[in-house]
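Undergrad: This note's numbering applies: residue 10 is where the sequence shown begins, and numbers increase by one. Ideal Cβ placement from N, Cα and C applies to all residues, glycine included. Have a look at the structure that comes next, please.
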Amino acid sequence: MLTEWLTYLTTDCPPLARKLGYLRESIAIRSRYRRCKIAWQPHLENSRSALIESLHACSDFRTALVFGSGLLLDVPLPELAKRFESVWLIDLIHLPEVRRVVRRYANVRCLSCDITGFLEQMKTMSPTNLNLPPPTNFLDDPTIDWVVSVNLLSQLPLLPLDWLRKRFPGIDEVMLKEWGTQLMLQHLDYLAAFAAPTYLLADMEQTTYRQNGEVIEHFDFAAKLGLEHQALAQWRWDIAPPGEIMPGIGRFHRVAALTAKRCNNLNKLNQNQM
Ligand SMILES: C[S@@+](CC[C@H](N)C(=O)[O-])C[C@H]1O[C@@H](n2cnc3c(N)ncnc32)[C@H](O)[C@@H]1O
């Protein structure tokens with residue numbers, strides 16, 4: 010608890026990211042990782058292997074862009090730093106220990122950036138105007154030769170939705186859920202707009218279960234976002250073994266490595282059907 014509090018006080022991050030809870034969440038992920046290290050290991054190894062495998066699609070190795078780099082648990086940083094001239098780690102939160110690791114590499118930089126643009130737009134939002142312009146950051150940089158979004162997609166709407174619910178009590182819940190889906194689709198379109206080989210690691214499903222195997226809750230992100238047919242590799246992530254969320258309750262995700270290029274057409278299809 011004391012370590013968490015000290016990290017909260019000493020981490021340098023955008024004030025709005027702190028206010029909306031991004032720093033708190035990042036520290037909570039670190040604590041959960043420490044408790045669930047063994048259960049998370051296969052997922053982290055699969056994630057790093059899938060990203061290393063995806064480098065085969067690159068013909069040049071100038072700049073690598075990593076969205077949602079976070080604690081760098083699922084990012085094969087030593088390999089990326091060795092292969093690319095520059096590696097840019099994009100996240101709202103880079104904890105002090107991440108910055109310490111990054112200092113070992115002359116060619117790796119941490120960039121604090123909101124990849125949805127929500128923090129910039131939130132002041133002008135109202136229940137009748139929740140519009141977010143499509144992100145364009147980095148799209149015009151010709152040196153970018155590889156892009157990845159790591160275990161970030163399903164997280165994107167969570168804290169913005171919390172903020173909108175508090176800011177506009179009574180706001181229509183159906184509309185909010187739809188807005189959250191659009192935010193994720195916008196991220197997929199953004200990734201698909203890069204000229205370089207672009208990949209994502211993303212949650213396809215989330216299942217919450219009782220220890221006796223009974224399923225309590227199930228979310229199918231893949232069906233919602235039109236991702237079902239495009240996984241290059243898939244695996245199970247025991248994100249919360251029984252007892253982690255509540256006594257006798259566990260949660261796992263089905264995670265996939267996907268190419269962002271093929272997402273785009275399917276997104277459009279999906280949007281037309283909504
Ligand atoms: C589940 S974590 C991803 C795991 C991370 N790759 C790691 O190894 O720790 C999601 C990450 O996305 C970041 N994130 C969430 N929303 C973001 C946004 N709008 N812009 C930039 N980063 C965001 C969070 O700060 C967090 O580090």
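Within the present structure, is the beta-carbon of D7 separated from the nearest heavy atom of ligand 1 by less than 7 Å?
TA: No answer is possible for residue 7: it lies beyond the span of the chain, which begins at 10 and ends at 283.
Undergrad: Cα-Cα, which of R33, G259 and D229 is closest to A265?
TA: Considering only alpha carbons, the answer is D229.
Undergrad: So, helix, strand or coil for A240, using DSSP?
TA: Of the three classes helix, strand and coil, the one that applies to A240 here is strand, per DSSP.
Undergrad: Below 8 Å on the Cβ atoms is my guess for T216 versus F177; work out the distance and round it to an integer in Å.
TA: That belief does not hold up - the Cβ atoms of T216 and F177 are roughly 31 Å apart, past 8 Å.
Undergrad: Have a look at the DSSP bridge pairing and note the partners of G259.
TA: Note: G259 sits in a beta bridge opposite Y218.
Undergrad: Are there 16 or more other CB atoms within 10 angstroms of the CB of P136, so buried, or fewer, so exposed?
TA: Label assigned to P136: exposed.
Undergrad: May I have the straight-line CA-CA distance separating E182 from E106, to the nearest angstrom?
TA: Cα to Cα, the separation comes out at about 38 Å.
Undergrad: Using beta carbons (cut-off 8 Å, strictly below), is D229 in contact with chain D?
TA: Absent from the structure: chain D. Only one protein chain is present.
Undergrad: Is the closest heavy atom of ligand 1 to the C-beta of Y208 under 7 Å?
TA: The answer is no for Y208.
Undergrad: On the three-state DSSP scale, how would you describe D83?
TA: Three-state DSSP puts D83 in coil, outside helix and strand.
Undergrad: Beta carbon of A211, beta carbon of L236: below 8 Å?
TA: In this structure, L236 lies closer than 8 Å to A211 by Cβ.
Undergrad: What residue range does the beta strand (DSSP E) around D100 cover?
TA: S95 to D100 is the extent of the beta strand (DSSP E) around D100.
Undergrad: Looking at the strands, I want to know which residues DSSP matches up with S135.
TA: Its beta-bridge partners are N138.
Undergrad: How many Å lie between R112 and R44 at the Cα?
TA: Whole-angstrom Cα-Cα distance: 27 Å.
Undergrad: Out of E214, I36, A269 and T16, state which residue places its alpha-carbon closest to the alpha-carbon of Q239.
TA: It is A269 whose Cα lies nearest to the Cα of Q239.
Undergrad: Using beta-carbon positions only, say whether L29 and Y17 come within less than 8 Å of one another.
TA: Cβ atoms of L29 and Y17: not closer than 8 Å.
Undergrad: If you draw a straight line from the C-alpha of V157 to the C-alpha of V224, how long is it?
TA: Rounded to whole angstroms, V157 to V224 spans 32 Å at the Cα level.
Undergrad: In angstroms, rounded to a whole number, what distance separates the CA positions of F147 and W14?
TA: Approximately 34 Å, taken between the alpha carbons.
Undergrad: Would you grab the beta carbon distance between W188 and L139 for me? Rounded to a whole angstrom, and I think it's under 8 Å.
TA: Contact holds; Cβ gap of about 5 Å.
Undergrad: Can we count F127 as close to ligand 1, meaning its CB is less than 7 Å from some heavy atom?
TA: Correct: F127 has its Cβ closer than 7 Å to ligand 1.
Undergrad: Indicate whether the contact test is met: 3 or more Cβ pairs, each with one atom in the stretch 39 to 54 and one in the stretch 121 to 128, closer than 8 Å.
TA: With a cut-off of 8 Å, the stretch 121 to 128 and the stretch 39 to 54 do not count as touching, because too few Cβ pairs lie within range.
Undergrad: Using only alpha-carbon positions, find the residue among E62, Y42, P251 and D100 that is nearest to L89.
TA: Checking every option, the nearest Cα to that of L89 belongs to E62.
Undergrad: Which residue's Cα is closest to the Cα of T19: I102, R118, G252 and N116?
TA: Residue I102 is the option with its Cα nearest to T19.
Undergrad: Beta carbon of L82: closer than 7 Å to some heavy atom of ligand 2?
TA: Absent from the structure shown: ligand 2. Ligands present: ligand 1.
Undergrad: Does the beta-carbon of H196 have 16 or more other beta-carbons within 10 angstroms, so that it is buried, or is it exposed?
TA: H196 comes out buried.
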